[in-house]
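Colleague: Protein chains in written order, with our numbering: chain A, 1 to 314; chain B, 1 to 296. The beta-carbon is built from N, C-alpha and C at its ideal position, and this holds for glycine as well. Being a predicted model, the structure only gives us computed values, none of them experimental.
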């Protein structure tokens with residue numbers, strides 16, 4: 001019993017870790033390859049989660065839809081809507097320079113949050129959406145379902161990884177790194193800098209939407225207070241910096257490592273005296289904040305640093 | 001019209017004062033250290049809790065205890081600058097932005113750890129508004145906040161234009177290379193930037209916390225509007241930041257006024273989006289702000 005309990009605890013960590021790995025790959029497209037600072041990760045994550053929930057739940061009068069479509073449609077719709085949201089944002093903000101884009105992205109996350117909380121016809125407001133289906137929910141129940149879901153999440157991680165890796169080694173990715181490292185010379189070489197940035201932002205946002213959809217189907221319930229947006233955004237940043245920004249393998253490794261540390265500290269703080277237990281999550285946040293400072297000062301290039309692909313000499 | 005002044009303009013000026021005091025620090029840090037300080041809102045929170053704690057021990061009017069909050073915020077700011085920002089100073093500034101994002105989380109979790117995550121009020125009870133000429137109903141707190149902000153703004157103006165240190169700050173902000181060639185001690189200027197920025201942030205945090213209540217997210221929720229105020233006033237222009245803060249505060253409150261017919265112009269639940277749109281529009285069309293601030 002003890003062993004199976006532990007095993008399924010591990011499964012739940014790996015599912016959440018996989019979802020974070022996808023977010024981290026998405027941020028790696030935007031920041032690692034494109035040099036675009038996005039502090040609004042949680043906003044696009046939420047857009048994806050709500051889209052997939054609305055597309056796949058049964059008809060309800062409490063929120064828009066549900067359209068009762070199969071889950072793959074939900075995932076695709078999540079990527080599409082998050083991508084379009086990203087496009088609208090990028091259309092306005094992508095010309096902003098680094099620090100300004102960072103400031104604007106905080107505002108974007110805030111506006112997306114306001115829409116989700118206030119537009120009850122769309123999202124059922126603060127009451128949230130329940131009854132979100134799990135894939136193969138009719139066939140497998142209980143703990144078996146978690147294993148099936150684990151496989152599905154990591155299949156998505158693999159697909160996203162292959163996609164990001166193709167992007168990275170392609171001429172498109174090379175141009176992107178050129179823009180990131182020296183915008184002026186890329187522009188002088190005739191590259192349409194704003195257009196490349198727009199594409200980067202949209203691709204990253206679409207992948208964040210996919211991660212959001214996967215988390216909605218995992219928890220089967222969504223509400224504005226279910227996740228703390230700032231914490232999600234922040235954890236993804238720590239993961240990417242620790243793993244190695246610019247490297248897709250590093251992004252996945254960082255996500256797993258930091259998520260394991262985060263989950264392990266939950267076990268440790270669970271052993272604290274009772275009067276401290278309610279505060280344990282703040283201690284963990286404090287530790288992750290300090291961990292980021294440590295990584296920034298000592299291991300800036302991360303666990304698996306970026307390595308540019310060799311140029312072919314033809 | 002009277003309703004407009006009582007319910008929209010004065011609250012707008014009050015929240016605008018909070019933004020103004022916060023934005024001064026953001027603008028000065030941006031001007032001198034060249035990065036967007038994401039932890040500034042949470043620095044306000046720390047200052048607010050400093051005064052809250054002082055009130056527990058010395059039960060007098062919280063505004064008289066402002067120095068305690070300022071001292072706490074100054075110590076916090078100098079410590080994070082020394083340990084977390086200074087080691088990154090030679091790198092591209094975006095790394096410092098990321099570090100300050102982390103510091104925001106550190107400040108917030110410390111606030112939650114030491115002062116709990118709930119809402120806390122400085123002085124319990126409802127205070128009746130002051131009635132002037134039978135028409136203007138203004139809460140005493142709003143009047144105090146606006147007057148104190150004006151006093152701070154005037155003092156800051158004289159400090160920046162008359163004192164040697166203030167002039168050195170403006171010099172480093174305008175032309176860092178020239179200033180260091182001319183023999184100005186840049187690190188000293190940086191230290192005093194943090195001291196002034198943190199002290200004003202603490203005042204803003206206390207004002208905001210007294211207007212509603214203290215909670216750990218207080219400062220972070222105000223950050224966007226303060227960035228907008230700093231951009232509006234022109235980066236590196238403290239006086240511009242004060243004007244920017246007041247404008248953003250008034251804009252946020254007055255867009256919910258029933259200008260045309262019976263409906264508010266913008267639903268009050270979306271008023272924090274106003275700052276964002278002002279900021280983005282400015283960055284695209286007039287990035288130097290109203291007062292010719294520096295460009296990145």
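What is the DSSP secondary structure of residue 199 of chain A, reduced to helix, strand or coil?
Modeller: Residue state, collapsed to three classes: helix.
Colleague: Return the bridge partner residues of residue 222 of chain A from the DSSP annotation.
Modeller: A/129.
Colleague: Can you check whether the CB of residue 259 of chain A is closer than 9 Å to the CB of residue 41 of chain A?
Modeller: Cβ atoms of residue 41 of chain A and residue 259 of chain A: not closer than 9 Å.
Colleague: Measuring straight from C-alpha to C-alpha, what distance separates residue 206 of chain B and residue 44 of chain B?
Modeller: Cα to Cα, the separation comes out at about 8 Å.
Colleague: Mind checking the segment 82–113 of chain A against chain B and listing, in chain order, the residues whose C-beta falls within less than 8 Å of any C-beta there?
Modeller: Against chain B - using a Cβ distance shorter than 8 Å - the residues of the segment 82–113 of chain A are 92, 93, 95, 96, 97, 98, 99, 100, 102, 103, 104, 106, 107, 108, 110 and 111.
Colleague: Using 9 Å as the threshold, is the C-beta distance between residue 22 of chain B and residue 226 of chain B below it?
Modeller: Their beta carbons are under 9 Å apart, which means residue 22 of chain B touches residue 226 of chain B by this criterion.
Colleague: Kindly give me the distance between the Cβ atoms of residue 250 of chain B and residue 278 of chain B, rounded to whole angstroms, as I take these residues to be in contact under 8 Å.
Modeller: Between residue 278 of chain B and residue 250 of chain B the Cβ distance is about 11 Å, and since that is not below 8 Å, they are no contact.
Colleague: Leaving aside the five residues before and after residue 103 of chain A along the sequence, list all residues of the same chain whose C-beta is less than 6 Å from its C-beta, in chain order.
Modeller: Cβ neighbours of residue 103 of chain A beyond the five flanking positions: none.
Colleague: If you check the beta carbons only, do residue 21 of chain A and residue 47 of chain A fall under 9 Å apart?
Modeller: No, these two residues do not count as a Cβ contact at 9 Å.
Colleague: Taking 9 Å as the CB-CB limit, is residue 120 of chain B close to chain A?
Modeller: Cβ-Cβ to chain A under 9 Å: no for residue 120 of chain B.
Colleague: Can you give the Cα-Cα distance for residue 299 of chain A and residue 242 of chain A, rounded to whole angstroms?
Modeller: Each residue's Cα considered, the two are about 7 Å apart.
Colleague: Measure from the C-beta of residue 279 of chain A to each C-beta in chain B and report whether the shortest distance is under 9 Å.
Modeller: Judged by the 9 Å Cβ criterion, residue 279 of chain A is in contact with chain B.
Colleague: DSSP three-state label for residue 90 of chain B, please.
Modeller: Residue 90 of chain B falls in the coil class under three-state DSSP.
Colleague: Only counting runs of 4 or more residues, tell me where the alpha helix (DSSP H) segments fall wholly within the segment 130–200 of chain A, in order along the chain.
Modeller: Within the segment 130–200 of chain A, the complete alpha helix (DSSP H) runs of at least 4 residues are 142–169, 171–181 and 183–188.
Colleague: Assess, as a yes-or-no matter, whether the segment 205–224 of chain A is touched by the segment 126–145 of chain A under the definition of 3 or more beta carbon pairs within less than 8 Å.
Modeller: In short, these stretches touch, since the Cβ pair count reaches three.
Colleague: Classify residue 169 of chain B: buried if its beta carbon has 16 or more other beta carbons within 10 angstroms, exposed otherwise.
Modeller: Result: buried.
Colleague: Give me the chain A residues within the contact set of residue 279 of chain B, using Cβ-Cβ distance strictly less than 8 Å, ordered along the chain.
Modeller: The contacting residues are 103, 104 and 107.
Colleague: Check each residue of the segment 222–242 of chain A: if its Cβ is closer than 9 Å to any Cβ of chain B, include it; give the result in chain order.
Modeller: Answer set for the segment 222–242 of chain A: 230, 231, 233, 234, 237, 238 and 241.
Colleague: Output yes if chain B places a C-beta closer than 9 Å to the C-beta of residue 38 of chain A; else output no.
Modeller: For residue 38 of chain A, the answer is no, since every Cβ of chain B falls outside 9 Å of its Cβ.
Colleague: Taking only beta-carbon positions, decide if residue 234 of chain B is within less than 9 Å of chain A.
Modeller: Chain A, which has no Cβ nearer than 9 Å to the Cβ of residue 234 of chain B, makes this no.
Colleague: Please state whether DSSP places residue 54 of chain A in a helix, a strand or coil.
Modeller: Helix.
Colleague: Could you tell me which of A/78, A/63, A/58 and A/79 sits nearest to residue 69 of chain A, measuring between CA atoms?
Modeller: Of A/78, A/63, A/58 and A/79, the residue nearest in Cα terms is A/58.
Colleague: Shorter than 9 Å from the beta carbon of residue 3 of chain A to some beta carbon of chain B?
Modeller: Residue 3 of chain A does not count as touching chain B.
Colleague: Would DSSP call residue 279 of chain B helix, strand or coil?
Modeller: In the structure shown, residue 279 of chain B sits in a helix (DSSP, three-state: H, G or I).
Colleague: Is there a Cβ from chain B that is less than 9 Å from the Cβ of residue 33 of chain A?
Modeller: By this cut-off, residue 33 of chain A is not an interface position.
Colleague: Using DSSP's beta-bridge definition, name the partner residues of residue 214 of chain B.
Modeller: Answer by DSSP bridge pairing, in chain order: B/120.
Colleague: So what does DSSP say about residue 267 of chain B, is it helix, strand or coil?
Modeller: Residue 267 of chain B: coil per DSSP, three-state reduction.
Colleague: Among A/246, A/118, A/238 and A/125, which residue has its Cα nearest to the Cα of residue 165 of chain A?
Modeller: Ranking the options by Cα distance to residue 165 of chain A, first place goes to A/246.
Colleague: Just the C-alpha distance for residue 223 of chain B and residue 252 of chain A, rounded to the nearest angstrom, thanks.
Modeller: Their backbone Cα atoms lie some 31 Å apart in a straight line.
Colleague: In angstroms with no decimal places, state the Cα-to-Cα distance between residue 177 of chain A and residue 142 of chain B.
Modeller: Looking at the two C-alpha atoms, the distance is approximately 51 Å.
Colleague: Quick one: grab the DSSP three-state call for residue 39 of chain B.
Modeller: Coil.
Colleague: Taking residue 124 of chain A as the query, report the chain B residues whose CB atoms sit under 8 Å from its CB, ordered along the chain.
Modeller: What residue 124 of chain A touches in chain B: nothing, since even the nearest Cβ is about 16 Å away.
Colleague: Short of 8 Å Cβ to Cβ, which residues in the segment 285–301 of chain A face chain B?
Modeller: Within the segment 285–301 of chain A, the qualifying residues are 285, 286, 288, 289, 290, 292, 293, 296, 297 and 300.
Colleague: Given that residue 258 of chain A touches chain B, what residues does it touch there, using C-beta distances under 9 Å?
Modeller: Within 9 Å Cβ-Cβ: nothing; residue 258 of chain A doesn't reach chain B, min ~13 Å.
Colleague: Thinking C-beta only, is residue 134 of chain A closer than 9 Å to residue 145 of chain A?
Modeller: Yes, Cβ-Cβ distance for residue 145 of chain A and residue 134 of chain A is below 9 Å.
Colleague: Looking only at its chain, what residues have a beta carbon closer than 6 Å to the beta carbon of residue 18 of chain A, apart from the 5 residues adjacent to it on each side?
Modeller: Answer for residue 18 of chain A: 153, 154 and 157, listed in chain order.
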